[in-house]
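Respectively, the protein sequence lines represent chains A and B.
The numbering used here puts the first residue of the first sequence at 523, with every later residue one more than the last.
The numbering used here puts the first residue of the second sequence at 1088, with every later residue one more than the last.
Note that CB positions come from ideal geometry on N, CA and C, so glycine has one too.
What follows is a set of notes on a single structure, which appears directly below.
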Amino acid sequence: MTIQGTAHRVGAHIDTDAIIPARFLVTTDSAELGANCMEGLEAGWIKRVKKNDIMVADENFGCGSSREHAPISILGAGIPVVVAKSFARIFYRNGFNMGLILLEVGDDFEKLGDGDQLEVDAEKGIIKNITTGEVITCAPVPPFMKGILDCGGLVEYVKERLSN
Amino acid sequence: MPKTLAQKILQAHTDETVKEAGQIVRCNVSMVLANDITAPLAIKSFKAMGADQVFDKDKVALVCDHFTPNKDIDSAEQVKVVREFAHEKNITHYYEGGEVGVEHALLPELGLVGPSDIVIGADSHTCTYGGLGAFATGMGSTDIAGAMALGETWFKVPPSIKVEIEGTPGKYVSAKDYILNLIGTIGVSGALYKALEFSGSVVDDMSIEGRMTIANMAIEAGGKVGLFPVDSKTLEYCQAAGRTGDVELRADEGAVYERVVKIDVTGMKPQIACPHLPDNVKPIDEVKNMKIHQAVIGSCTNGRISDLRIAAEVLKGRKADKNVRLIVLPATPSIWKQALKEGLIEIFMDSGAIVGPATCGPCLGGHMGILAGGERSIATTNRNFRGRMGSLQSEVFLSNPAVAAASAVAGEIIDPAAL
């Protein structure tokens, strides 16, 4: 599966309060949460995003709360992939469970500038920067987590386990 | 092979052999937790999974403590979803209203979590129970839903960092200062994906409440768990909470640690985490002339009885500055009652404090203490992210309870020793 979109650069230690502040946690609706995505970083941030755009972050993306509303709001905003130097642990797990693609690229995130056109092959872990011609390869998804992804996420994985 | 505390507890809950960091193991869980913000999503996922019953009605806790007493219609609807689910599934440990406390203060007090347990919660501060020697960690709602259905979850075995705390602390320096100092030293991603294991003479002498304060903020260094050895003090605490059968637990001699960090508390000044990250930590002497508009004493970090006692000691016979809203929230109903019995509530009220119900409210900018633009709060809570307590143009400084109380009196951040 290839995704093509514009990169939106954010900084280091982007916390879950920045992704979706507490005042919006009175719903589980993805469209509503998506409309307020990154509202804690900058009011109206969402206005710059088009469907299939890609978020690019520095280290420890998603630190803080366990709120699953955070990956849901990113997906709800139309962003299917986050590429980061590193992810916070709970967010990383939540992302996979929700079907948000997370690619950890270490220092190579620097090669993905704000506004660059990117093409991401999530399966192969290849990110092509169309604007600069640069190609980045990232670590494969751990096999156990791939098993969950192959089932279609954790909901389907548990569903299958329960039916056996 | 000698094992760390984290490895020993994981091993006790799995049929697989725990060999090395990075290995993925499936473990059964002792307790699964969610709150009024995260449970509605977990319930949604639980239903989508086609689950009918929870794996064990005594091993699921649902605590409505974040937006409660309900701040608006939406939050009331969320609690209604949780309440109806709890009733329908016959869940034993459902808490709201007058029974509710801040979850991470409430569960240990009720004896629902303890040594060698594996506890997972849809709340990042679930790591608090590491103070009791539990492998306790936060996860998202869907992971929690899976565990509610199956009674198990998966973990990547974490590498461990050993933290040795030694020395003799001063009067107004306590557990919160040690953990802030550590986070300031290793950074907010210093323990990313890792376990923190605490030891040293200060830890041996420390109360269980202090240990929970430290474990609570392991996540602020990115940690998966913050673990303490289980000693006679832990067992005493757990017995008083009604638990039986717990035994002492220590890491094996020769267990391998990725890194050892030493903290010397002798001569340490109270530590302040300045905006907007918990690792922006400075000794209080470097935080000068910082006027405050609000002081919050409470939360899962520092809302326990020992925290209220030290705050009352500072506030006794003194008044909060007229420009400061001092908010005191005892973390559970029984802490509230104890504070009342000991005369602490009267001291707080005489000092001009607003004494509120047990709630997480202001800690996460939920309600009961939201900041306006340009306002500054000192708080005994655990996060000072930008906009955490309200406006994006507000600021939160984190401190121990004595400092928060003294600062309320002075109207600016101050060392209690200088009051």
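Open item on the list: Give me the residue from A:625, A:626, A:601, A:660 with the minimum Cα distance to residue 571 of chain A.
Closed with: The shortest C-alpha separation from residue 571 of chain A is found at A:601.
Quick one: what does DSSP say residue 1282 of chain B is sitting in, helix, strand or coil? strand
DSSP has residue 1241 of chain B in a bridge; who is on the other side? B:1113
Exercise. Report the three-state DSSP secondary structure of residue 1214 of chain B (helix, strand or coil).
Key: Helix.
Determine the contact status of residue 1401 of chain B and residue 1442 of chain B, defining contact as a CB-CB distance below 8 Å.
-> Against a cut-off of 8 Å, the Cβ pair of residue 1442 of chain B and residue 1401 of chain B comes out as no contact.
Counting only beta-carbon separations shorter than 8 Å, does residue 631 of chain A have a partner in chain B? no
query: Out of curiosity, what's the CA-to-CA distance linking residue 1199 of chain B and residue 1154 of chain B?
result: When rounded, the distance between both Cα atoms is 23 Å.
Please classify residue 1473 of chain B: does DSSP put it in a helix, a strand, or coil?
-> coil
- Query: Taking the alpha-carbon positions, what's the residue 1421 of chain B to residue 660 of chain A distance?
  - Reply: 51 Å
### Task
Indicate whether the contact test is met: 3 or more Cβ pairs, each with one atom in the stretch 1404 to 1418 of chain B and one in the stretch 1443 to 1461 of chain B, closer than 8 Å.
yes
Would you kindly check if the distance between the Cβ of residue 1497 of chain B and the Cβ of residue 1408 of chain B is under 8 Å? yes
Legend entry - Whether residue 1336 of chain B touches residue 1220 of chain B by CB criterion (8 Å): yes
Neighbourhood of residue 1256 of chain B by C-beta, 6 Å cutoff - its chain only, sequence neighbours within 5 removed: 1352
Margin query: Quick check on residue 1131 of chain B - is its C-beta less than 8 Å from some C-beta in chain A?
Written below: yes
Bridge partner(s) assigned by DSSP for residue 606 of chain A: Checking the DSSP bridge columns, you'll see residue 606 of chain A partnered with A:579, A:626.
Same chain, Cβ closer than 7 Å to residue 1439 of chain B, five either side skipped, listed in chain order
Hits under 7 Å: 1406, 1407, 1413.
* Asked: Nearest-angstrom Cα distance between residue 1167 of chain B and residue 1146 of chain B?
  -> 21 Å
- prompt: Taking the alpha-carbon positions, what's the residue 1275 of chain B to residue 613 of chain A distance?
  reply: 14 Å
Problem set entry | Delimiting residues of the alpha helix (DSSP H) encompassing residue 1272 of chain B | 1262 to 1273
* Who are the near neighbours of residue 1320 of chain B in its chain, counting only those whose CB is closer than 7 Å to its CB and skipping five residues on each side? -> 1295
According to DSSP, simplified to helix, strand and coil, what is residue 1091 of chain B? coil
When you compare each of B:1306, B:1262, B:1117, B:1233 to residue 1286 of chain B by their alpha carbons, which one comes out closest? B:1262
**Q.** Residue span of the alpha helix (DSSP H) that contains residue 1422 of chain B, given as start and end
**A.** 1420 to 1428
Q. Taking Cβ-Cβ distances below 7 Å as the criterion, which residues of the stretch 592 to 618 of chain A are in contact with chain B?
A. 608, 610, 611, 612, 615, 616
Original post:
Taking the alpha carbon of residue 1165 of chain B as the point to measure from, which residue in B:1140, B:1126, B:1134 has its own alpha carbon closest?
Top reply: Among B:1140, B:1126, B:1134, the Cα nearest to that of residue 1165 of chain B is on B:1126.
Residue environment, residue 1473 of chain B, which counts as buried when at least 16 other CB atoms sit within 10 Å: buried
Compare the C-beta of residue 672 of chain A against all C-beta atoms of chain B and say whether one is closer than 8 Å.
-> No - not a single Cβ of chain B is within 8 Å of the one on residue 672 of chain A.
Just to confirm, is the Cβ distance from residue 610 of chain A to residue 626 of chain A under 8 Å? no
| Name the DSSP beta bridge partners of residue 1118 of chain B, please? | B:1206
For residue 665 of chain A, count neighbouring C-beta atoms within 10 Å of its own C-beta (all shown protein chains included) and say buried if the count is 16 or more, exposed if not. By the neighbour-count criterion, in which a residue is buried when 16 or more other Cβ atoms sit within 10 angstroms of its Cβ, residue 665 of chain A is exposed.
field: Helix, strand or coil at residue 1484 of chain B according to DSSP, with G and I counted as helix
entry: strand
* Would you mind telling me which residues of chain B sit closer than 8 Å to residue 578 of chain A, beta carbon to beta carbon, in chain order? => Chain B residues near residue 578 of chain A: none, gap ~17 Å exceeds 8 Å.
Next on the checklist: Please return the same chain residues whose Cβ sits closer than 6 Å to the Cβ of residue 1447 of chain B, not counting the five positions on each side in sequence.
Outcome noted: Hits under 6 Å: 1152, 1153, 1189.
Open item on the list: Under 7 Å, CB to CB, which of the residues in the stretch 1241 to 1259 of chain B have a partner in chain A?
Closed with: 1241
Quick one: grab the DSSP three-state call for residue 1098 of chain B.
helix
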